[in-house]
Amino acid sequence: MVAVPHLGLPSRPRADIVPESLGSAEFRADHGVRYAYVAGSMYKAVASEDMVLRMGRAGLLSYFGAGGLRADRVVAAVERFQRELGDGPYGVNLLASMENPAKEAEQVEVFLRHGVRRVEAASFIRPTESLVRYRLTGLRRAPDGSVHVPHKVMAKVSRPEVIDTFLAPAPRQLVDCLLADGRITAEEAELARQVPMADDLCAEADSGGHTDQRSLVILLPDTLRQRDRAARDFAPAGRVRVGVAGGLGVPDAVAGAFVMGADFVLTGSINQCTVECGTSERVKDMLQQAAVQDMAIVPAGDMLETGTRAQVLRRGLFYPARANKLYELYRRHDSLDDLDPRDADQLQRRYFRRSFEEVWAETRAYYERTNPASLEKAERDPKHKMLLVFKAYFVQSIRLAMSGSAEQQVDYQVNCGPAMGALNSLLRDTPYEDWRSRHVDHLAELLMGGAARVLSERLHSMTTVERRGQ
Ligand SMILES: Cc1cc2nc3c(=O)[nH]c(=O)nc-3n(C[C@H](O)[C@H](O)[C@H](O)COP(=O)(O)O)c2cc1C
């Protein structure tokens, strides 16, 4: 364990609050971790193998950023975790894919075949067949009469209607379908009635990446209340732990989350600016400079057609303005041919730095391999073709950032929330100002150890009446 730097935080605990006592004891026991603290996944192995291994060795939970990776890369990562961590804590991200359910099914196949015991399920608007299959596989009655649930699901949520579906058992019609196809057993189908879809709900407030920008102080108590209400009709929902993410970058914020009743906390943005994170050094250099006001809300490239929003770094980048422009053009026009010639020229010369034909040739080859149905639609529907071409810009912008390209730096897509700026401000003029001295597990120590100290100090000052002038 590292010594937690004090960084001007209250330094002497005056009550018995220690990082190990924050949040839910069941969370710690169930996941076999020291703290009720999680490092969330970040696509394309930005939440890298090294990050997961470093956290696991420190006895802390994190999720591998499997989104956007090929199955063989995920398999290799999982094998490495199992080899190097044994039973140590780790999990893998499962992203809902409404556009391409086969991708989700492929991921779940990998998880089941390779014994992945924990997933962080994100972007689901309801449980899907693949997620239900993962959750139910291996359910069995334990000798004490309880139901043994080998596959743990942490669901990222921010909307009440989605929260309800994860507090409930798997939808019956999906269970029946899986049973009819022989993908689950009769016992698993029967026990499904007693098991909520998630073990942990992570209420995601104003976070980096995809976000509904909900306010943490509203979302967390509301989700806790929703959980307690659900337990009146379905008692096992009462055991679902509710944690929070979005905006947690300093100990005070983490302390606040625990005071409001969070069973665990989850961070994202701050972990991107560490030695272990899988993005480029150039991105880490930029992130290290970011202040809390340096972020922007833009359309999310992978869900451009739905208007979903994401939070990204703005400082020094054209990407946010360009993402907005592409979204506006997509809304206003029905095909690439319909674009104003000046816009078409600007996109090809400045955004893509290639012609639409070249972008389409590459996009076509990709969709032929991964999603032929979408390609067929694009051949019929020019608006859909325009969508796929525009999406290529968002993919390209992630690649540029991850590779650290020097020429197209203004096009970097760097998902990030204000928590990053808050941490930078805390670490200014300390040995941790430089990201090269920031490690993902040390940030966990800093936030959890710091939160324990903040709480001890506040509790002391709120319970001590000073009698002045006596
Ligand atoms: C660069 C980046 C990439 C992310 N990618 C994913 C992802 O692929 N899947 C996912 O579930 N969450 C993803 N997230 C969200 C994080 O796991 C986490 O929930 C969020 O960052 C927490 O909020 P914070 O950024 O304010 O700490 C990403 C976040 C960032 C900053």
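In the working numbering, the protein residues as written are 588 to 1057.
For every residue, glycine included, the Cβ atom is placed at its ideal position computed from N, Cα and C.
If you count every other CB in all the chains shown that lies within 10 Å of the CB of residue i, and 16 or more means buried, which is it?
i               : result
serine 745      : buried
methionine 1035 : buried
glutamate 945   : exposed
glutamine 880   : exposed
aspartate 968   : exposed
glutamine 760   : exposed
tyrosine 953    : exposed
methionine 588  : Its pLDDT being 41, under 50, methionine 588 is placed unreliably in this model, and the coordinates cannot settle the point.
threonine 1017  : exposed
proline 886     : buried
glutamate 1044  : buried
valine 661      : buried
glutamine 1057  : Confidence is the limiting factor: at glutamine 1057 the pLDDT is only 48, short of 50, which leaves the residue's position unreliable, though a coordinate-based value still follows. So glutamine 1057 ends up on the exposed side.
valine 1001     : buried
valine 1052     : exposed
methionine 873  : buried
glycine 627     : buried
arginine 705    : buried
aspartate 768   : exposed
Verify whether the separation of the beta carbon atoms of residue i and residue j is less than 8 angstroms.
i               : j                 : result
serine 942      : methionine 973    : no
valine 870      : leucine 754       : no
leucine 1010    : glycine 836       : yes
leucine 778     : valine 734        : yes
valine 782      : valine 736        : yes
methionine 1007 : serine 856        : yes
cysteine 789    : leucine 853       : yes
arginine 713    : histidine 738     : no
alanine 664     : serine 649        : no
arginine 641    : histidine 1047    : no
leucine 1042    : tyrosine 980      : no
methionine 784  : threonine 810     : no
leucine 672     : glycine 652       : no
leucine 579     : arginine 951      : Limits of the chain in this structure are 588 at one end and 1057 at the other, which puts residue 579 out of reach.
methionine 741  : alanine 708       : yes
glutamate 693   : threonine 715     : no
tyrosine 624    : phenylalanine 851 : yes
threonine 884   : arginine 896      : Before going on, a small fix: residue 884 reads as isoleucine here, not threonine. The answer is yes: Cβ separation under 8 angstroms.
Is the closest heavy atom of ligand 1 to the C-beta of residue i under 7 angstroms?
i              : result
cysteine 1003  : yes
leucine 853    : yes
tyrosine 906   : no
serine 802     : no
asparagine 680 : yes
lysine 1071    : Only positions 588 to 1057 of the chain appear in this structure, which leaves residue 1071 out of reach.
isoleucine 805 : no
methionine 629 : yes
leucine 1013   : no
valine 633     : yes
isoleucine 771 : no
alanine 709    : yes
glycine 888    : no
glycine 652    : yes
lysine 743     : yes
alanine 849    : no
alanine 1006   : yes
glycine 865    : no
Can you round the beta-carbon distance between residue i and residue j to whole angstroms, since I take them to be within the 8 angstroms contact cut?
i             : j                 : result
threonine 866 : alanine 988       : 6 angstroms
glycine 1004  : glycine 795       : 4 angstroms
valine 862    : arginine 1023     : 6 angstroms
valine 804    : alanine 1038      : With 8 angstroms as the limit, valine 804 and alanine 1038 do not qualify as a contact, their Cβ atoms being about 16 angstroms apart.
tyrosine 917  : phenylalanine 977 : 6 angstroms
Can you tell me where the alpha helix (DSSP H) with residue i in it begins and where it stops?
i              : result
lysine 972     : 969-990
aspartate 787  : Not the alpha helix (DSSP H): aspartate 787 falls in the beta strand (DSSP E), residues 787-791.
lysine 912     : 906-919
lysine 739     : Where lysine 739 is concerned, there is no enclosing alpha helix (DSSP H), although the beta strand (DSSP E) it sits in stretches over 739-744.
proline 688    : 688-700
threonine 810  : 803-820
methionine 873 : 868-876
arginine 615   : 612-618
arginine 1040  : 1027-1050
proline 1018   : No alpha helix (DSSP H) holds proline 1018; DSSP gives it neither H nor E.
Let me see if you follow: with CB-CB separation under 8 angstroms, is residue i close to chain D or not?
i             : result
aspartate 768 : The chain labelled as chain D is not found in the depicted structure, where only one protein chain is given.
Hey, could you find the ends of the beta strand (DSSP E) residue i is sitting in?
i             : result
glycine 828   : Looking at the sequence shown, residue 828 is not glycine but arginine. Per DSSP, arginine 828 belongs to the beta strand (DSSP E) from 828-832.
glutamine 898 : 896-900
arginine 667  : Element bounds for arginine 667: not the beta strand (DSSP E) but the alpha helix (DSSP H), 658-672.
alanine 626   : 624-626
serine 649    : 648-651
arginine 929  : Element bounds for arginine 929: not the beta strand (DSSP E) but the alpha helix (DSSP H), 928-933.
leucine 682   : 678-682
Using only the heavy atoms of ligand 2, determine whether one of them is closer than 7 angstroms to the beta carbon of residue i.
i           : result
glycine 834 : Ligand 2 is absent from the structure shown, which contains only ligand 1.
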